[in-house]
Amino acid sequence: MAIDTISGQQAVGQAAYDSGGIADNFDAFLQILTTQLQNQNPLDPLDTNQFTQQLVQFADVEQSIKSNKNLEALIQMSAASTATAATSFIGKKVMIQSVTQTLADGRAEWSYYAGGAADGASFTVRDEAGNIVWTETKDIAAGRNSFVWNGRDDSGNVVPDGKYTLAVEGTDTDGNPVEVHVEVAVTIDGIDFSGPEPVLLVGDEGVPLSQVRAVLGT
-9 MAIDTISGQQ AVGQAAYDSG GIADNFDAFL QILTTQLQNQ NPLDPLDTNQ FTQQLVQFAD
51 VEQSIKSNKN LEALIQMSAA STATAATSFI GKKVMIQSVT QTLADGRAEW SYYAGGAADG
111 ASFTVRDEAG NIVWTETKDI AAGRNSFVWN GRDDSGNVVP DGKYTLAVEG TDTDGNPVEV
171 HVEVAVTIDG IDFSGPEPVL LVGDEGVPLS QVRAVLGT
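The sequence shown begins at -9 in the numbering used here and counts up by one.
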């Protein structure tokens, strides 16, 4: 009885990245190998080299199944660990990468992280429509710094409460741009696990866990 070993090997290879497919082809491989041994011609037994190659592939398939199961277990452990870490943020104040802050009672505070010192850096506050409300130029030091705006425009008029954005740009002594990341402090109200990555809830807005830059406490 002739057995097509090549087609069996191809089927195993095609399912290498699917645990269910690997397991199915693993069983099929066993059946093929067993059938070959049962139906080999005593006068023309299975070639030793061919049999050895099939045993090697048998071991490879078995190892693939074990590796895949171990990988799935690691992924599940990682997901559980991430979920546990995310829930620990509830009720805590964290620093997130965002240029938007809420002006309330004449006060809005941002933090910014500068990759280096800059002389005469420009600070620009815009309203939700993108209009420039207030500007200032001052030197900044490298590292994390804070910036507080009093809620007045360039003419000294009080602007309404709401959401405003801050942009900080500066250059070093050689005229090269200094990288500046604007951040805001928020309190985490809850966690959304419906997507591929846990999302921190701040009021009715979501913040990806990857945007957290520092945990400030309660």
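By construction, the Cβ of each residue, glycine as well, lies at the ideal position given by its N, Cα and C atoms.
Should residue i be labelled buried (16 or more other beta-carbon atoms within 10 Å of its own) or exposed?
i           : result
residue 146 : exposed
residue 186 : exposed
residue 93  : buried
residue 119 : exposed
residue 104 : buried
residue 91  : buried
residue 206 : exposed
residue 80  : exposed
Using a threshold of 8 angstroms, state whether the C-beta atoms of residue i and residue j are closer than that.
i           : j           : result
residue 158 : residue 107 : no
residue 109 : residue 125 : no
residue 192 : residue 154 : no
residue 210 : residue 203 : Nothing can be reported for residue 210: it is not among the residues displayed for the chain, which extend from -9 to 208.
Could you give the first and the last residue of the continuous beta strand (DSSP E) run that contains residue i?
i           : result
residue 125 : 122 to 130
residue 195 : 195 to 198
Give me the residue from the options with the minimum Cα distance to residue i.
i           : options          : result
residue 195 : 88, 151, 102     : 88
residue 140 : 78, 100, 86, 197 : 100
residue 163 : 178, 129, 170    : 129
residue 131 : 161, 77, 188, 76 : 161
residue 168 : 102, 18, 22      : 102
DSSP beta-bridge partners for residue i?
i           : result
residue 175 : 85
residue 181 : 190
residue 92  : 153
residue 141 : According to DSSP, residue 141 bridges with nothing at all.
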